[in-house]
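Visitor:
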Amino acid sequence: MIDLRSDTVSRPTEAMRAAIAFAPVGDDVYHDDPTVLRLEETVAGLLGLEDAVYMPTGTMTNQIAVRAHTEPGDAVFVGPDAHIWLGEAGAPAPISGVVIRPLLGERGVFSGDALRDANPQMDDYASKTLSAPARLVCLENTHNAAGGAVWPLETQRGVLEAAAESGLAAHLDGARLWHATAATGISEAEYAAGFDSVSVCFSKGLGAPVGSALAGPAGFIARARRFKQLYGGGFRQAGMMAAGALHAIEHHRERLVDDHRRARALAEAMDDLPGLDLDLEGVETNIIRFQSSGMPATEFAGRCRDRGLSLLAYNRRDLRAVTHLDISDDDVEAAIGILQDVAGR
Ligand SMILES: *Cc1c(COP(=O)(O)O)cnc(C)c1O
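Under my numbering, think of the first position of the sequence shown as 62, with each following residue one higher.
1) Where does residue 350 fall in DSSP's three states?
2) Mind pulling the alpha helix (DSSP H) runs of 4 or more residues that sit fully within the segment 191-249?
3) From residue 254 to residue 233, what does the alpha carbon distance come to, in whole angstroms?
4) Nearest by alpha-carbon distance to residue 445: which of 361, 373 and 336 is it?
5) So, using beta-carbon positions, are residue 399 and residue 368 closer together than 9 Å?
6) Around the Cβ of residue 341, are there at least 16 other Cβ atoms within 10 angstroms (buried) or fewer (exposed)?
7) Let me know the secondary structure DSSP gives residue 292 once reduced to three states.
8) Using 8 Å as the cut-off, can you tell me whether the segment 121-130 makes contact with the segment 248-267, which would need three or more C-beta pairs spanning the two stretches below that distance?
9) Do three or more CB pairs link the segment 300-319 to the segment 352-368 at distances below 8 Å?
10) For residue 188, does the three-state DSSP call read helix, strand or coil?
11) Run the proximity test for residue 145: is its beta-carbon closer than 8 Å to any non-hydrogen atom belonging to ligand 1?
12) So residue 140 packs on residue 173, CB below 8 Å; how close in whole Å?
13) In three-state terms, what does DSSP make of residue 388?
14) Mind checking whether residue 114 and residue 274 have CB atoms under 9 Å apart?
15) Give me the Cβ distance between residue 162 and residue 127, rounded to the nearest whole Å; I'm assuming they're in contact under 8 Å.
16) Within a Cβ cutoff of 7 Å, which residues of the same chain sit near residue 85, ignoring the five residues on either side of it in sequence?
17) Can at least three beta-carbon pairs, one atom from the segment 325-343 and one from the segment 217-228, be found at a separation below 8 Å?
See below:
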């Protein structure tokens, strides 16, 4: 089976399994697991931030960031189709008790002015007290639901400026920030500059089995560590898993450009098929969002699956194909053959 549903399906390599097997470990709850500590230091360094905390999932790092930046009843601005809002089991409501305020934008990207327009500086006492106080704005780079779209650095900076004007904290959901860097050559630290917190995933394109990190100023990360424990995220000999993440950072970041090249080749072939609609220009990283015009998405995915190609159908029309560590040039060729078969030449 050629599995293009997500880059999360990538499995640990032999070398990664060896690193995991021999990792020195301690107890993460006592903050003395040497491999976890090394991972946290490495990530903070890569992002140019003071400290970082390792957690089991990106959902946990994002939702603890939201929780740590806000109090119940606050409002949180997010971009269109943000993962924090729509892809994390509805967590902001029960975990943080916040109101989500989605902003308008293009392909997951919004401007500083979109934030200013949505968060007017009200001078009237009644209008101030009527609206939930806005505390936080969240950006997502690359943007998952927009098909791996990369935020232009200038646009990011514009939003950070607008956030600073009204005292909003800014969080970056950088689950695939590595992919933005691979696509543009702009370092992770440059993207992270100016944010109050940044979340990164190791279990997607980097190919580690488990984990994400939340990075930020030391005081904020101390608060996040308390919530990690409170929500049951103290995971003891986590160095086993952190070793996989460290191995991924050291060995799998540079190769992400290969995933991008393969996604591009696949998208170009798909663009030629009469039964598929996709925005070729929009394929910037390793995610291809597309539509099947000839049949419902679930049926299209089912027919591909019967022929050995696994895709993700979101709804009646939208599908996704994602390249990753376990997908070779030959797999891409074979996938194209199956897609031609199902969608017509
Ligand atoms: C996958 C993903 C997450 C959450 O990561 P999990 O480890 O699956 O919980 C957060 N944000 C984005 C943009 C993602 O793609």
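Backbone N, C-alpha and C fix where the C-beta goes; we use that ideal spot for every residue, glycine too.
Guide: To lay it out plainly:
1) strand
2) 214-226 and 238-245
3) 10 Å
4) Since the first residue of the chain shown is 62 and the last is 406, residue 445 is not available in this structure.
5) yes
6) exposed
7) coil
8) yes
9) no
10) helix
11) yes
12) Rounded, the Cβ-Cβ distance is 12 Å, inconsistent with contact.
13) coil
14) yes
15) Going by Cβ atoms, the distance from residue 162 to residue 127 rounds to 13 Å, so no, they are not a contact pair.
16) 95, 96 and 300
17) no
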